[in-house]
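Below you'll find the structure, written out as structure tokens, and then a few comments.
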Amino acid sequence: MQHRPDHPTLLDAVAQFLLGVVSPKLEADKALQFRVLIAANLASVVANEQRTEATRFAAEVARLKTLLPDEAQALPLDSTDRQTRLDALETLNRALAMKLRAGTLSTEQLAHTLEALFATAKDTLEVTNPRFDTAHEA
Numbered sequence: 012m013q014h015r016p017d018h019p020t021l022l023d024a025v026a027q028f029l030l031g032v033v034s035p036k037l038e039a040d041k042a043l044q045f046r047v048l049i050a051a052n053l054a055s056v057v058a059n060e061q062r063t064e065a066t067r068f069a070a071e072v073a074r075l076k077t078l079l080p081d082e083a084q085a086l087p088l089d090s091t092d093r094q095t096r097l098d099a100l101e102t103l104n105r106a107l108a109m110k111l112r113a114g115t116l117s118t119e120q121l122a123h124t125l126e127a128l129f130a131t132a133k134d135t136l137e138v139t140n141p142r143f144d145t146a147h148e149a
């Protein structure tokens, strides 16, 4: 079985081809050139998502386990099946949202929750837009 190039590498190659070869040839059609730029950006974002998915998942799970230890114990977060892990993560996020809506968290719990949500948002933004200013004050 061939393992190289991997999916992120292939997507990066598609993005580079679109930007370096296709886009310059579309000077006369600005609308199509813009759509090619969007396609190249999407290929890059998907490549970055695939490259960082395991790390981002582990970090978000660790944060949610700290916030929701009881709920996390019962979920298959260590499953080898990707969809099962993602479903478990979604379940934890829903549980956290329910606690936030109920207004039952202490001030300290709210502060920890806010930090966790900022960290998750920062991780996501670093994938979709690495140049986005993720300073905590923003």
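12 is the number of the first residue of the sequence shown in this note's numbering; add one for each residue after it. Backbone N, C-alpha and C define an ideal beta-carbon position, used for all residues, glycine too. Bear in mind the structure is a predicted one, so any value in this text is a computation, not a measurement.
For T145, there is no enclosing alpha helix (DSSP H), since its DSSP letter is neither H nor E. In this structure, A99 keeps its C-beta atom at 8 Å or more from the C-beta atom of P80.
Residue range H18 to F28 is occupied by the alpha helix (DSSP H) that includes H18. Around the beta carbon of S117, fewer than 16 other beta carbons sit within 10 angstroms, so the residue counts as exposed.
Beyond the five residues adjoining it in sequence on each side, A83 comes within less than 8 Å, by CB distance, of V72, L75, K76 and L103 in the same chain, given in chain order. For A130, the uninterrupted alpha helix (DSSP H) run begins and ends at T118 to T139, by DSSP. A contact between stretches requires three or more CB pairs, one per stretch, nearer than 8 Å, and the region 43-52 fails this requirement with the region 108-123. Between the C-alpha atoms of E38 and T63 there is a straight-line separation of about 34 Å. If you look at K76, you'll find it in the alpha helix (DSSP H) that goes K41 to L78. For T95, the uninterrupted alpha helix (DSSP H) run begins and ends at R93 to A113, by DSSP.
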